[in-house]
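Following: one structure in structure tokens, then a few remarks.
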Amino acid sequence: MADFFLQALGQVSSPSVLALIIIGVLFGIIGGSIPGFTVTMAILVVFPFTFAMDPVSGVSLMVGVFVGGYSGGIVSGVMLGIPGTPSSITTVYDGYPMAQKGEPGRALGIGVAASFIGTLISVAVLVFFGPLIASFSMNFRPWEITALIVFALTLVAGLSNGALLKGLLAAALGLLITTVGYDRNSNLRFDFGIPALGSGFEILPVMIGIFAFSQLMGNLEKLRDDQGKAKGVDTNVTIPYGRIAKDMAGQKLNTLRSALIGSLVGALPGTGGTVANFISYDQAKKFSRQPETFGTGTPSGIVASEASNSAVAGGAFVPTLALGIPGDLPMAIMMGVLILHGITPGPLMFEQNPILVGAIYASLLIGAVIMVLCQLLLVRWFAKISLIPQEVLVPVVLMLCAIGSYALNNNLFDIWVLFVFGVIGYLLWKAEVPLTPLILGVVLGNNLERQLFRALELDDSWMTFLTRPLSALFLALAVASVIFSLYQDRKIQRNRQQAQVNDA
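Under the UniProt record's numbering, the first residue of the sequence shown carries the number 1, and numbering increases by one thereafter.
Written out as structure tokens, the structure is:
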């Protein structure tokens, strides 16, 4: 392992790749610091630029965006009271009050330091558990892989905030999208007489349309509210390094606990930084000797939030690399980058592409260092960037998305695909249908079909899925996740009804 890591470190340390990581981190921080832009949007915008790169360069660029994006949300959260990304919501609870007390530099410094440590801990988790899980999953056959994908889809659908049925329908729609075009037996499906659909939909314009287009349209709807909050912000920030060192010295246990929570939650498909954010903040409050200080500008709240959401980075790579199951939405896009370069994430990746795996480890470490330097040295500029009005941002991002979709195959049809799925995504967003299960269905659909066909070719009995222990376990977990989600949905409904009765 040490050999391939050193080889990968040599490639990542080359001037060209280092420059790409720096660019990625800067763009990620900028994307995270602009309210409503999000880490996922930043990754989608950068995605097309990886087409002409070799795998190590392309993945290093994306990892830089990933690391920078998760730490960038603290800027607008502290300065404006508006989380730059959903994964930095709880950062606002204490970061903004601290800034209102005249200490924005202290809040930003604590957040950046916690993000750095959280990323380092998550890389350690990835390096230790990734190969172990990959080695274990080497025994997976088509039945186990099929059942695992079904479990991942039901788990993500079940985490759809009280909308299980909508989540399942979204996942099913994502799978349906992947059936367009020729199947394994060269049968043409759902082409509607359009020759361009013979090869199916390209994953990039579909993902950009579903997520980015709908997100941008939603941002325009909230334009006036966000602008009203952004007035009168002082971006002249000074970082008190000595004070931050003392603050972090008293947060060792909180930082470790929050980073481990972020790594663990990141490794669960469909969870991501937002879930880790709330869990770690809640745990920090419960373990605190002064829980009443949370929400008033305490360093403990900022550390818990930022250490956890940055630790998601390493944790989310564990199922993506070891099992081929994206940990969250940005990981689904990262998986698309690997597939684009002809690399299939999964247990064989550690044997067939060890240099690339080592490059991901090295990029995360180098990206964390670059993130700290950029945040501390350029924090004033990032604070100013967070004030960019949405009427300027939205058309620029849409233009970049369209250019990226066209550059994939130099085909105007892909821009039409982006537009059509953008409208579909926007309508689903308006109907409060979760988009994450839909995108995960698009990413995993082809692999699910391929593994299902292989399983039935080897044994045409469906009972084999229940007689093989691991596949039966994954299917049982899928059923359990649906049942638990139904229970949670009913509990949420009862609480709402009770609240309405109390209000009446």
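Even glycine gets a Cβ: it sits at the ideal position worked out from N, Cα and C. These figures come from a predicted structure and were not determined experimentally.
Apart from the five residues on each side of it in sequence, which residues of its chain come closer than 8 Å, Cβ to Cβ, to residue i?
| i | result |
| --- | --- |
| Leu466 | Ala472, Leu475 |
| Leu412 | Tyr406 |
| Ser481 | Phe151, Thr154, Leu155, Gly158 |
| Gly228 | Any reading at Gly228 must be qualified, since the residue scores a pLDDT of 48, below 50, and its modelled position is unreliable; the value itself is stated next. Counting only Cβ-Cβ distances below 8 Å, and skipping sequence neighbours, we find nothing. |
Residue range of the alpha helix (DSSP H) that residue i falls in?
| i | result |
| --- | --- |
| Trp429 | 412-430 |
| Leu173 | 164-177 |
| Trp381 | 379-385 |
| Gln442 | Correcting the residue identity first, residue 442 is Val in this sequence and not Gln. Taken as a continuous stretch (DSSP letters only), the alpha helix (DSSP H) holding Val442 covers 436-458. |
| Gln352 | 349-352 |
| Ile43 | 38-46 |
| Ala259 | 252-266 |
| Leu197 | Careful: Leu197 lies outside any alpha helix (DSSP H) and carries neither H nor E. |
| Val433 | Note, Val433: premise wrong, no alpha helix (DSSP H); not H, not E. |
| Ala332 | 329-340 |
| Asp247 | 241-249 |
| Val52 | For the record, residue 52 in the displayed sequence is Ala; it is not Val. Element bounds for Ala52: n/a, residue is neither H nor E. |
| Thr467 | 464-467 |
| Met138 | Premise fails: Met138 is in no alpha helix (DSSP H) and is neither H nor E. |
| Ile29 | 15-33 |
| Val206 | 203-207 |
With a CB to CB cut of under 7 Å and the five nearest residues on each side skipped, what residues in its chain are close to residue i?
| i | result |
| --- | --- |
| Leu364 | Val63, Val67, Thr119, Val123, Ala313, Gly314 |
| Ser263 | Ile121, Ser122, Val125, Ala311, Gly314, Gly315 |
| residue 505 | Given that the chain is displayed from residue 1 to residue 504, the structure contains no residue 505 and the question cannot be resolved. |
| Ala304 | Asn254, Ser258, Ser280, Tyr281, Ala284 |
| Ile388 | Ile34 |
| Leu486 | Leu164 |
| Ile302 | Thr91, Asp94, Gly95, Ala107, Ile110, Gly111, Ala114 |
Taking the beta carbon of residue i as the centre, do at least 16 other beta carbons fall within 10 Å, making it buried, or is it exposed?
| i | result |
| --- | --- |
| Ala359 | buried |
| Val403 | It is Ile, not Val, that sits at residue 403 in the sequence shown. The residue in question, Ile403, is exposed, as its Cβ has fewer than 16 Cβ neighbours within 10 Å. |
| Ser258 | buried |
| Tyr70 | buried |
| Pro15 | exposed |
| Tyr496 | Rather than Tyr, the amino acid found at residue 496 in this sequence is Arg. Arg496 should be labelled exposed. |
| Val25 | buried |
| Gly218 | exposed |
| Phe213 | buried |
| Gly193 | exposed |
| Phe484 | exposed |
| Met79 | buried |
| Ser57 | buried |
| Ser186 | exposed |
| residue 515 | Outside the displayed span of the chain (1 to 504) sits residue 515, for which this structure offers no information. |
| Gln451 | buried |
| Val277 | It is worth fixing the name first, because residue 277 is Asn in this sequence and not Val. That one is buried. |
| Phe190 | exposed |
| Tyr241 | exposed |
| Glu306 | buried |
| Ser88 | buried |
| Gln500 | exposed |
| Gly342 | exposed |
| Leu188 | exposed |
| Lys430 | exposed |
| Asp460 | exposed |
| Leu427 | exposed |
Is there a Cβ of chain B sitting closer than 9 Å to that of residue i, yes or no?
| i | result |
| --- | --- |
| Pro205 | The chain labelled as chain B is not found in the depicted structure, where only one protein chain is given. |
Excluding the 5 residues flanking residue i on each side, which residues of the same chain have their C-beta closer than 6 Å to its C-beta?
| i | result |
| --- | --- |
| Gly200 | Val180, Gly181 |
| Met331 | Ala316, Thr320 |
| Phe129 | Val318 |
| Leu338 | Pro345 |
| Val45 | Leu400 |
| residue 517 | The first residue shown for the chain is 1 and the last is 504, placing residue 517 beyond what the model contains. |
Sorry if obvious, but does the Cβ on residue i come closer than 8 Å to a heavy atom of the ligand ATP?
| i | result |
| --- | --- |
| Leu412 | Looking at this structure, you won't find the ligand ATP or any other ligand, since it has none at all. |
The stretch 298-316 in contact with the stretch 84-103 per 3-pair CB rule at 8 Å: Between the stretch 298-316 and the stretch 84-103, the count of C-beta pairs closer than 8 Å reaches three or more; the two stretches touch.
Cβ contact check for the stretch 366-386 and the stretch 111-122: 3 or more pairs under 8 Å: The way I'd put it, the stretch 366-386 does touch the stretch 111-122; three or more beta-carbon pairs between them come closer than 8 Å.
Inside the stretch 75-133 only - alpha helix (DSSP H) runs reaching at least 4 residues: The stretch 75-133 contains these whole alpha helix (DSSP H) runs: 89-100.
Cβ contact (3+ pairs, closer than 8 Å) linking the stretch 167-180 and the stretch 437-448: Enough Cβ pairs lie closer than 8 Å, so yes.
Whole beta strand (DSSP E) elements within the stretch 300-324, 3-residue minimum: For the stretch 300-324, not a single whole beta strand (DSSP E) run of length 3 or above is found.
Cβ contact check for the stretch 137-146 and the stretch 392-400: 3 or more pairs under 8 Å: A contact between stretches requires three or more CB pairs, one per stretch, nearer than 8 Å, and the stretch 137-146 fails this requirement with the stretch 392-400.
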